[in-house]
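Residue numbers (the numbering used here), protein chains in the order written: chain A, 186 to 532; chain B, 186 to 532.
From the three backbone atoms N, C-alpha and C, an ideal C-beta is built for every residue, glycine too.
2 protein chains.
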Amino acid sequence: MARRPTIIDVAKLAGVSKSTAARALTDAADVNDVTRDRVRKAAAAVGYERNHLAVGMRSGRSGLFGLVIPDIANPFWAEVARGAQDLMAENAASLLVFSSDWDHDREASHLRALRQARVEGAIVNPVSDNVDDFGRFGVPLVLIGSSAERFPDTPSIGSDIRQAVRLGLDHLNERGHLAPALILGPRSRLARARFLRSVQEHCLERDIDPAILPVEDADYTFEGGHAAMGRLMARQPLGHLTVFCANDLMALGALLAAREAGRECPRDVSILGFDGVPSGAFSWPGLTTIEKPARELGRRAAQALFDEIAGRHATGRRYLPCRLIERGSLADLSAQTPLKIAAGGRI
Amino acid sequence: MARRPTIIDVAKLAGVSKSTAARALTDAADVNDVTRDRVRKAAAAVGYERNHLAVGMRSGRSGLFGLVIPDIANPFWAEVARGAQDLMAENAASLLVFSSDWDHDREASHLRALRQARVEGAIVNPVSDNVDDFGRFGVPLVLIGSSAERFPDTPSIGSDIRQAVRLGLDHLNERGHLAPALILGPRSRLARARFLRSVQEHCLERDIDPAILPVEDADYTFEGGHAAMGRLMARQPLGHLTVFCANDLMALGALLAAREAGRECPRDVSILGFDGVPSGAFSWPGLTTIEKPARELGRRAAQALFDEIAGRHATGRRYLPCRLIERGSLADLSAQTPLKIAAGGRI
DNA sequence: ACGGAGTCCGGTAACGTTCCCGGTATTGAT
DNA sequence: ATCAATACCGGGAACGTTACCGGACTCCGT
Numbered sequence: 186m187a188r189r190p191t192i193i194d195v196a197k198l199a200g201v202s203k204s205t206a207a208r209a210l211t212d213a214a215d216v217n218d219v220t221r222d223r224v225r226k227a228a229a230a231v232g233y234e235r236n237h238l239a240v241g242m243r244s245g246r247s248g249l250f251g252l253v254i255p256d257i258a259n260p261f262w263a264e265v266a267r268g269a270q271d272l273m274a275e276n277a278a279s280l281l282v283f284s285s286d287w288d289h290d291r292e293a294s295h296l297r298a299l300r301q302a303r304v305e306g307a308i309v310n311p312v313s314d315n316v317d318d319f320g321r322f323g324v325p326l327v328l329i330g331s332s333a334e335r336f337p338d339t340p341s342i343g344s345d346i347r348q349a350v351r352l353g354l355d356h357l358n359e360r361g362h363l364a365p366a367l368i369l370g371p372r373s374r375l376a377r378a379r380f381l382r383s384v385q386e387h388c389l390e391r392d393i394d395p396a397i398l399p400v401e402d403a404d405y406t407f408e409g410g411h412a413a414m415g416r417l418m419a420r421q422p423l424g425h426l427t428v429f430c431a432n433d434l435m436a437l438g439a440l441l442a443a444r445e446a447g448r449e450c451p452r453d454v455s456i457l458g459f460d461g462v463p464s465g466a467f468s469w470p471g472l473t474t475i476e477k478p479a480r481e482l483g484r485r486a487a488q489a490l491f492d493e494i495a496g497r498h499a500t501g502r503r504y505l506p507c508r509l510i511e512r513g514s515l516a517d518l519s520a521q522t523p524l525k526i527a528a529g530g531r532i
Numbered sequence: 186m187a188r189r190p191t192i193i194d195v196a197k198l199a200g201v202s203k204s205t206a207a208r209a210l211t212d213a214a215d216v217n218d219v220t221r222d223r224v225r226k227a228a229a230a231v232g233y234e235r236n237h238l239a240v241g242m243r244s245g246r247s248g249l250f251g252l253v254i255p256d257i258a259n260p261f262w263a264e265v266a267r268g269a270q271d272l273m274a275e276n277a278a279s280l281l282v283f284s285s286d287w288d289h290d291r292e293a294s295h296l297r298a299l300r301q302a303r304v305e306g307a308i309v310n311p312v313s314d315n316v317d318d319f320g321r322f323g324v325p326l327v328l329i330g331s332s333a334e335r336f337p338d339t340p341s342i343g344s345d346i347r348q349a350v351r352l353g354l355d356h357l358n359e360r361g362h363l364a365p366a367l368i369l370g371p372r373s374r375l376a377r378a379r380f381l382r383s384v385q386e387h388c389l390e391r392d393i394d395p396a397i398l399p400v401e402d403a404d405y406t407f408e409g410g411h412a413a414m415g416r417l418m419a420r421q422p423l424g425h426l427t428v429f430c431a432n433d434l435m436a437l438g439a440l441l442a443a444r445e446a447g448r449e450c451p452r453d454v455s456i457l458g459f460d461g462v463p464s465g466a467f468s469w470p471g472l473t474t475i476e477k478p479a480r481e482l483g484r485r486a487a488q489a490l491f492d493e494i495a496g497r498h499a500t501g502r503r504y505l506p507c508r509l510i511e512r513g514s515l516a517d518l519s520a521q522t523p524l525k526i527a528a529g530g531r532i
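Dropping the structure here:
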């Protein structure tokens, strides 16, 4: 188990000083070409590989970055991680990944680990309410996800919920669904408020009273969506039922609830999801949904971090547009019920 | 933008030498309790956080570990990553995550980055055939996944395919499916051979000629499974068709193909998957499958790494058992076709 | 009073790298 | 032949931490 070769070993073999060896290997000036070549050969011969710990120590740049997300096993966050990581690899940087499980203590602990590792920057989906944790992080930070809105002073990136909701509602409208029921997340979550507010705004634009939309609360889980759909069907046992769910998991739960109740999708019920999880492609029918640009979110967050480090401060929040994915969970009601509510009241 | 406080700042404020400060903060002996307390207070006061780069440099232990997998966005590998990362967090270590995209060059590049970061160990799902890359990695290594079998000299962990196949075949048997068709991966993949061999072994145990099992090749994708199922149905247009797929994605593709052909699952076709991806829970019917212990795989790989570092060499390959998840994609044929093939060979 | 054991602390070196500075050799111009 | 400019190289310091060693002090038994 031999010691790993250092630059001194390389220098010795090449017959130069370590300073020259370092210069040669860092493509710096002030080195003769033949010397540089000799050093390169020597480095290859002894199997030298630069010690990034030492480099980081000397230069202050560790080449390390951090990513703290709720759960790397969650497909959305996995995509975000992938995007961030791709950009890191392109820039010869490495990414430390942590899962916080929506737990404040765990988050704090991971942030501490990040600082101790002397990361050059970090991307975080904040679960903590403590602004100080981020304001005084001491390292360039980019927040990501809807919960980042609580920290206006820190640069952040998220998907454009307003645009997404408009996209969904427009699409629903085109297909003749004018007043969909809503299955939302828990009242404590910021994302719920933003989603609901966007729906209300767009309804008003269409002269629809938002108050007529049936709303059910759930908890962003499959089971929650299943139960909420049950309540919705109890409230409206007859006629076509259209539901706009605040995430795909609840939409899939709603889909199952409908089938169990003997109401077939898209014949008797229409379901629109929100997220773009892969599972939506394999349900029956396939889930029509609005896809968040997860991977791009990760890439852009990483890019923002690089920009920040390079001195291009881009504070404030940036929104990335979402995309509609049509599969089969929406009925086309536009023919059979022509403008039932629209221009003023023809049946 | 003040400089980050070092242990010298702490020592100064506490009125001790940096040696004493270091001792106090590392819970070492040879330091008075009141002194230790004073140092702790001082550290908190200046907001000191230990520089892991310097520690790693001095002690040779960086606290960093590496994970190189094909794709962090793939749900199976995301689970593996999560398991590994959980164990890292429990041991105050950090995990560097890389996606190789099944690309040799990318893999090599990531391994180099890992060595330069002076990781204490790495978990790798090998894509490269080059034994040297791993034999001379220079850092404790644990391989993971079926492709690791090519490297018998390096400790590795994988799911127990033989046990998994027996589980699936036994379950199929109990429900009256004696000779399922097979949808396998590409012939180039090692996992295919192992899967097929296990099926053959278990068939022989039951006095079934493996040669009578219809086999179709695909490429582990949804589309591949879809096409393979089409060919299978063309070969056997009548009667109940039972298919054992080598992964869940192909199984879901097969499910769709069956439905498109008007053959209802589980009435007309039965489909058994292999992997345990989340999407299988949301298909219709839910996909009965054999779940690989992905998260546990990650945990155990990390544990093996720690063991290795602690000097407990555990070379050789370890297999983790898989688990059957019953959902709805298998018909129960045991009543209607009582032992049609069993005792001796009537078709 | 003295030696020895024990407790606590400070100085120094070392980890591997890069940067700064000064030194030598070479070149070209006068 | 001399000087200045240039090209190239080596020595040393520094980044922040911990391990090692030795020194100072207290306490106790003789």
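Helix, strand or coil: how does DSSP classify residue i here?
i	result
Ser383 (chain B)	helix
Asp402 (chain A)	strand
Ser341 (chain A)	strand
Ser279 (chain A)	strand
Ser514 (chain A)	coil
Gly251 (chain A)	strand
Ala527 (chain B)	Annotation note: pLDDT 40 at Ala527 (chain B) (below 50); position unreliable, coordinate value reported separately. Three-state DSSP puts Ala527 (chain B) in coil, outside helix and strand.
Val309 (chain A)	strand
Ile329 (chain A)	strand
Ser373 (chain B)	coil
Arg502 (chain A)	strand
Arg246 (chain A)	coil
Ser519 (chain A)	coil
Ser468 (chain B)	coil
Ser204 (chain A)	helix
Counting only beta-carbon separations shorter than 7 Å, does residue i have a partner in chain B?
i	result
Ala239 (chain A)	yes
Glu408 (chain A)	no
Gln301 (chain A)	yes
Leu437 (chain A)	yes
Arg536 (chain A)	Because chain A spans 186 through 532 in this model, residue 536 (chain A) falls outside it and cannot be assessed.
Pro190 (chain A)	no
Pro463 (chain A)	yes
Phe250 (chain A)	no
Met418 (chain A)	no
Under a CB-based cut-off of 7 Å, is residue i close to chain A?
i	result
Ile257 (chain B)	yes
Leu281 (chain B)	yes
Ala298 (chain B)	yes
Trp287 (chain B)	no
Arg485 (chain B)	no
Ser313 (chain B)	no
Arg235 (chain B)	yes
Glu264 (chain B)	yes
Arg508 (chain B)	no
Arg267 (chain B)	yes
Met414 (chain B)	no
Phe467 (chain B)	yes
Ser247 (chain B)	yes
Based on the DSSP output, what are the partners of residue i in its beta bridges?
i	result
Arg291 (chain A)	Its beta-bridge partners do not exist; DSSP assigns none.
Thr473 (chain A)	A:Leu457
Arg547 (chain B)	This structure leaves residue 547 (chain B) out entirely; chain B is present only between 186 and 532.
Leu367 (chain B)	B:Val400 and B:Phe429
Leu509 (chain A)	A:Ile475
Ser284 (chain B)	B:Ile254
Checklist entry - Quick check: the region 242 to 253 of chain A against the region 275 to 286 of chain A, are there 3 or more CB pairs under 8 Å? => result yes
Next on the checklist: What ranges does the beta strand (DSSP E) occupy inside the region 410 to 464 of chain A, keeping only unbroken runs of at least 3 residues that lie completely in it?
Outcome noted: 426 to 430 and 454 to 460
Next on the checklist: Whether or not the region 367 to 374 of chain B and the region 335 to 347 of chain B are in contact is what I'm after, with contact meaning three or more pairs of Cβ atoms, one per stretch, closer than 8 Å; do they touch?
Outcome noted: With the cut-off at 8 Å, the region 335 to 347 of chain B and the region 367 to 374 of chain B do not touch.
Checklist entry - Does the region 451 to 467 of chain A come close enough to the region 430 to 443 of chain A to have 3 or more Cβ pairs within less than 8 Å? => result Contact between the region 451 to 467 of chain A and the region 430 to 443 of chain A is present, because at least three Cβ pairs lie under 8 Å.
Item to check | the region 186 to 203 of chain B touching the region 385 to 400 of chain A, judged by at least three CB pairs closer than 8 Å | outcome: Short answer: they don't touch.
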